[in-house]
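Just below is one structure, and these are the notes that go with it.
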Amino acid sequence: MLKATRWAWVVSLVAVTGAALVLAFLLSFATNSPALYERYYLWLFWLNVAVAGLLTLVIVIASARLVVRLRRRKFGSRLLLKLAAIFATVGVIPGVLIYTVSFQFVSRSIETWFDVRVEGALDAGLNLGRATLDARVRELGERTRAAAERLAEAAASPRPLALERLREGLDAQDVAITGPAGQTLAAAGGSATSLLPDRPSQTMLRQARLQRVTSQLEGLDEDNPAAAVSARVRALALIPSREFGLGEQERFLYVTQALPQSLAMNALAVQSAYREYQQRALSRDGLRRMYIGTLTLTLVLAVFTAVLLAALLGNQLARPLLLLAEGVRQVAGGDLGVKPVFASRDELGGLTRAFADMTQQLADARSLVQRSVAQVEGARAELQTILDNLSAGVIVFDSLGRIDITNPGATRILRLPLAAYRLRRLDEVPGLAAFGKAIEQRFELHGANLAAGEQPLWQDSFELAAPDPSHPEHSAGEQRASMTLLVRGAPMPQGARLLVFDDITDVVSAQRNLAWSEVARRLAHEIKNPLTPIQLSAERLQLKLESKLRGADLAMLTRSVGTIVTQVQAMKSLVNEFRDYARLPAAMLVPLDLNALISEVLALYSTAQDAGRLHADLGEGLPTILGDSTQLRQIVHNLVQNALDAVADQVDGRVRINTETSRNARGEPRAVRLQVIDNGPGFAEKVLQRAFEPYVTTKNKGTGLGLAVVKKIADEHGARVRIANLGQASPGLSGAGATHGAQVSLSFSKLAPGNSPAAAAATAVADRAH
Amino acid sequence: MAGVALWLGPRAWAATTPALTFFEIDREDDAVALNYVVDFELAPAVEDALGKGIPLHFMAEVEVLRSRWYWRDRRIAHAVRTWRIVFQPLTSNYRVSFGGLSRTYPSRSEALATITRSGRWRIVEPGQVEPDSHHYLEFRFRLDTSQLPRPIQIGIGGQADWTLEVERTQAFS
Numbered sequence: 000m001l002k003a004t005r006w007a008w009v010v011s012l013v014a015v016t017g018a019a020l021v022l023a024f025l026l027s028f029a030t031n032s033p034a035l036y037e038r039y040y041l042w043l044f045w046l047n048v049a050v051a052g053l054l055t056l057v058i059v060i061a062s063a064r065l066v067v068r069l070r071r072r073k074f075g076s077r078l079l080l081k082l083a084a085i086f087a088t089v090g091v092i093p094g095v096l097i098y099t100v101s102f103q104f105v106s107r108s109i110e111t112w113f114d115v116r117v118e119g120a121l122d123a124g125l126n127l128g129r130a131t132l133d134a135r136v137r138e139l140g141e142r143t144r145a146a147a148e149r150l151a152e153a154a155a156s157p158r159p160l161a162l163e164r165l166r167e168g169l170d171a172q173d174v175a176i177t178g179p180a181g182q183t184l185a186a187a188g189g190s191a192t193s194l195l196p197d198r199p200s201q202t203m204l205r206q207a208r209l210q211r212v213t214s215q216l217e218g219l220d221e222d223n224p225a226a227a228v229s230a231r232v233r234a235l236a237l238i239p240s241r242e243f244g245l246g247e248q249e250r251f252l253y254v255t256q257a258l259p260q261s262l263a264m265n266a267l268a269v270q271s272a273y274r275e276y277q278q279r280a281l282s283r284d285g286l287r288r289m290y291i292g293t294l295t296l297t298l299v300l301a302v303f304t305a306v307l308l309a310a311l312l313g314n315q316l317a318r319p320l321l322l323l324a325e326g327v328r329q330v331a332g333g334d335l336g337v338k339p340v341f342a343s344r345d346e347l348g349g350l351t352r353a354f355a356d357m358t359q360q361l362a363d364a365r366s367l368v369q370r371s372v373a374q375v376e377g378a379r380a381e382l383q384t385i386l387d388n389l390s391a392g393v394i395v396f397d398s399l400g401r402i403d404i405t406n407p408g409a410t411r412i413l414r415l416p417l418a419a420y421r422l423r424r425l426d427e428v429p430g431l432a433a434f435g436k437a438i439e440q441r442f443e444l445h446g447a448n449l450a451a452g453e454q455p456l457w458q459d460s461f462e463l464a465a466p467d468p469s470h471p472e473h474s475a476g477e478q479r480a481s482m483t484l485l486v487r488g489a490p491m492p493q494g495a496r497l498l499v500f501d502d503i504t505d506v507v508s509a510q511r512n513l514a515w516s517e518v519a520r521r522l523a524h525e526i527k528n529p530l531t532p533i534q535l536s537a538e539r540l541q542l543k544l545e546s547k548l549r550g551a552d553l554a555m556l557t558r559s560v561g562t563i564v565t566q567v568q569a570m571k572s573l574v575n576e577f578r579d580y581a582r583l584p585a586a587m588l589v590p591l592d593l594n595a596l597i598s599e600v601l602a603l604y605s606t607a608q609d610a611g612r613l614h615a616d617l618g619e620g621l622p623t624i625l626g627d628s629t630q631l632r633q634i635v636h637n638l639v640q641n642a643l644d645a646v647a648d649q650v651d652g653r654v655r656i657n658t659e660t661s662r663n664a665r666g667e668p669r670a671v672r673l674q675v676i677d678n679g680p681g682f683a684e685k686v687l688q689r690a691f692e693p694y695v696t697t698k699n700k701g702t703g704l705g706l707a708v709v710k711k712i713a714d715e716h717g718a719r720v721r722i723a724n725l726g727q728a729s730p731g732l733s734g735a736g737a738t739h740g741a742q743v744s745l746s747f748s749k750l751a752p753g754n755s756p757a758a759a760a761a762t763a764v765a766d767r768a769h
Numbered sequence: 000m001a002g003v004a005l006w007l008g009p010r011a012w013a014a015t016t017p018a019l020t021f022f023e024i025d026r027e028d029d030a031v032a033l034n035y036v037v038d039f040e041l042a043p044a045v046e047d048a049l050g051k052g053i054p055l056h057f058m059a060e061v062e063v064l065r066s067r068w069y070w071r072d073r074r075i076a077h078a079v080r081t082w083r084i085v086f087q088p089l090t091s092n093y094r095v096s097f098g099g100l101s102r103t104y105p106s107r108s109e110a111l112a113t114i115t116r117s118g119r120w121r122i123v124e125p126g127q128v129e130p131d132s133h134h135y136l137e138f139r140f141r142l143d144t145s146q147l148p149r150p151i152q153i154g155i156g157g158q159a160d161w162t163l164e165v166e167r168t169q170a171f172s
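Residue numbers (numbering that gives the first Met the number 0), protein chains in the order written: chain B, 0 to 769; chain W, 0 to 172.
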């Protein structure tokens, strides 16, 4: 912008200089000092040509730039061209008009200078002067000749008085009688100051001899006007000789007459006017060229200046517009940065300022919107995080009942990639057809006929059946057992529906356990009471009747009573087990050494140990744990017995029991782990889920309470029970059975304070003694 | 623009090309003098102008240079002679000015005759010419139109009639 301004200044300066030169030109005309003007004409002319050339160059460059911009379709060039054209037209048209008029005017006026009558008058004046002078010369010649003849008739040598009279008679300046070589013999004249009158020239002497008399004009030269004062006419006449003597020498009468000063001056003035006029006439073409050249140059300079100023003014006008347009384009492109302001006080400047303000406000508004959007985004992201980490499954249906939003919890619980079923109905999801329909039904049921003030919320539990294994969409990894879901539904605005569900299989299982233990307790109580009388009655019957019966009757009695007793015994033990399960006494937690306890229990299984079917691998230096020795003993017993039962049919069946300390990152003991591992057939998949529920068993005989009791005791001790089937790469088991097996592990995390194995052992010993 | 065209017009040689009928370099001891005779006729346009009282200027210009192989040739002498001839219609005679001297001649041929020849025009004073060096002389005789009144100059620009010029370059030792 600054550069353009500087350029504008330079160009204007050049243009103004050119104009000033032309003005000086014209001024020199006006002041009518042709000499000065003519002397510097060429210099001025070429200077102007140079200025014009410079301006042409600038205009050519500017035009080329404009054309290039137009070609490239650079923004704003069209406007610039238009403005420049308008201004240039405004400048050029008056210039051309004035030029045309002036051209005509100059041509005509130069022609009018030269007039035939003026020329004729000058010629006539000159001829008049010449005729006058000629007449004077001739007259003096005639009179001189007459005087010479008079002298010839008179005495041989005239007296000076006679000569003086002659001079006065001739009205001459000097009169002299000269010899044949022009030497003065006698003289009389006013120019006495000069000692001798000048001598006639040889030419004159020759002419005088031939024609008897000659006369001529002298000193009337244009190059020294001062000499015009001394212009004079000379006449030389041969004085005829009467005696034709040989000794007689030739004599001449030499007369000099001064020309009247006014006559000489007038004649010279006419001559100089004539010369001047002729000179002008000759230089007519040159003059016209000069004037017209000056005019043309003026026009060219003026036009160029106009064009340049037009371009500059156009630029000046267009710049704020271009600024605005550029800004608008940027805004359209999304750039709401600070816009430049055109620093002028006029409306265009105000426009750019207003535009900049507007853009600023727009930018502020946009940043505000962005900030609030970011806030909303943040809130949403937080919500999403909560949703993602929610253990409960969440599904949002849109108004058409299609799945809209799901969370990872839902996927985890249903073990289906629900996100992949977005915008599909829930009953289109394989395996969930019945579930989907049921939910739909619930929503419709609760959505319609609401009582006043009733919340349209519902909650229900669903038993989700295990999927059909033959279904092709279920790979082995996605298999799941049947599960119980607690489902809550709530309508959302715009007809959407929210479904929240939880896997409550574990809760249900726990409830079932509780119910069973209650049943078992009551049943045991009710059954156990009559059992003792039954047994006692049967034994009394045998005691009483044994002596009275013989033979087959006795045998039958004995057998029947035996049956009754054994069955009652069996029932008793069954009832006891139930009681044990239902009414386990509250655990008395005391510090004890788990290894010692296990060794004690395993003493009962010495036969199995000896047969190599049972193997204990007890870790060293176990910390003592808090536990009830009686209950823990039962756990170990149950687990070992179960394992042995599981491998009873196998020849190479083996059971391993091991203990170890699990430590945390700092190396401190965190828990004591007890593992019972067998290489039997393992748990069935169905059983695995509900192994800890009563009456779930893999065995043909047994109450199915074993693991239930284990679980219950473990809960009492705050220990965690995990059961698993061993995979192929399970280490620690060798032989053919290594490929499968079952593992039950217990982690006791309640460690005795002030732990040391020795103290624990002591406590255990004390406990045993008790 | 018309002015530009005026100056770029073609220049042709006059119909009556002036000729140097006699040209002699005279060595008098160490000095150099020039004798020459130029033969020319005035073109009708020039004669017309002269007859109307326009003063004409003739110029003879001589330059003596010494050849130098290593640099521009050195100018050792430069002499110019200028004549002014004007017709005086009042007395029908021609006046020739040469330097401070003026003479009046009754006829044109007499007046021009004084211009066309120069004898024993001493150009180089003794001692200026080096005996071993090579010298040459450039002579130019022309009608000096730059002394004409400026409008006439512009009017006659490029006219062949007004071009009267003869040149001669001659070496001497």
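C-beta atoms are modelled at their ideal positions from N, C-alpha and C, and glycine is treated no differently.
No experiment lies behind these values; they were computed from the predicted model shown.
For B/F354, the enclosing alpha helix (DSSP H) has its first and last residue at E346 to N388. B/P590 is bridged by DSSP to B/L625. Annotation: B/E163 to B/E138 spans about 20 Å, alpha carbon to alpha carbon. Chain B places no beta carbon closer than 8 Å to that of W/A32, leaving this residue out of the contacts. At least 8 Å separates the CB of B/M203 from every CB of chain W. Counting only residues of its own chain and dropping the five nearest sequence neighbours on each side, B/A713 has a CB closer than 8 Å to the CB of I634, R719, V720 and L745. Within its own chain, the residues whose Cβ lies closer than 6 Å to the Cβ of B/V743, once the five positions on either side in sequence are excluded, are L638, V675 and I722, listed in chain order. When 9 Å is used as the limit between beta carbons, W/L142 is near no residue of chain B, the shortest such separation being about 15 Å. The continuous alpha helix (DSSP H) containing B/R116 extends over residues V115 to E152. Annotation: B/L209 has no Cβ neighbours in chain W at a cutoff of 9 Å; minimum Cβ distance is about 16 Å.
Counting the other Cβ atoms within 10 Å of the Cβ of B/G561 gives fewer than 16, which makes it exposed.
Taking a C-beta distance under 8 Å as the contact criterion, B/R423 and B/I402 qualify as a contact pair.
When Cβ-Cβ separations below 8 Å define contact, B/Q270 makes contact with chain W. By the Cβ-count criterion, B/F104 is exposed, with fewer than 16 other Cβ atoms from all chains shown falling within 10 Å of its own Cβ. Under the three-pair Cβ rule at 8 Å, the region 117-136 of chain B counts as touching the region 83-96 of chain W. In terms of CA proximity to B/R496, B/V393 leads the group B/V564, B/A305, B/M555 and B/V393.
For W/A78, the enclosing beta strand (DSSP E) covers residues R73 to Q87. Taking a Cβ-Cβ cut-off of 7 Å, W/P43 has no neighbours in chain B, whose nearest Cβ is about 13 Å from it. Around the beta carbon of W/D28, a 10 Å sphere encloses fewer than 16 other beta carbons of the protein chains shown; the residue is thus reported as exposed. Within the same chain, Cβ atoms closer than 7 Å to the Cβ of B/R211 are found at R144, A236 and L237, the five residues on either side in sequence being excluded.
Residue nearest to B/L300 within the set B/L20, B/T623 and B/E517 is B/L20 (criterion: CA-CA distance). Leaving aside the five residues that flank W/E166 on each side, the residues in its chain whose CB is nearer than 6 Å to its CB run, in chain order, R139.
Check the Cα spacing between B/L286 and each of B/T483, B/S106, B/E275 and B/V59: the tightest is with B/S106. Among the bridge pairs identified by DSSP, B/N724 is matched with B/A741. Put simply, of B/T565, B/L544, B/K527 and B/V567 the residue whose alpha carbon is nearest the alpha carbon of B/L556 is B/L544.
In this structure B/L485 is in contact with B/S460, their Cβ atoms being roughly 5 Å apart against a cut-off of 8 Å.
Around W/A48, the beta-carbon contacts reaching into chain B at under 9 Å are Q277, Q278 and L281. Between the region 270-282 of chain B and the region 95-103 of chain B there are fewer than three inter-stretch CB-CB distances shorter than 8 Å, so the stretches are not counted as touching. A contact is defined here as three or more CB-CB pairs under 8 Å, and the region 75-85 of chain W meets this definition with respect to the region 53-65 of chain W. Every unbroken stretch of the beta strand (DSSP E) spanning 3 or more residues and falling wholly within the region 645-682 of chain B is given here in chain order: 654-662 and 668-677. In this structure, B/A751 and B/T623 form a Cβ contact; the two beta carbons are roughly 4 Å apart against a cut-off of 8 Å. Between the C-alpha atoms of B/V15 and B/Q329 there is a straight-line separation of about 40 Å. The Cβ atoms of B/A317 and B/L78 sit closer than 8 Å to each other.
It is roughly 34 Å from the alpha-carbon of B/A683 to the alpha-carbon of B/P668. Going by beta carbons, B/S214 and B/R231 fall outside the 8 Å limit. Sequence-distant Cβ neighbours of B/R612 in its own chain, meaning closer than 8 Å and more than five residues away, are L643, V646, G652, R653 and V654.
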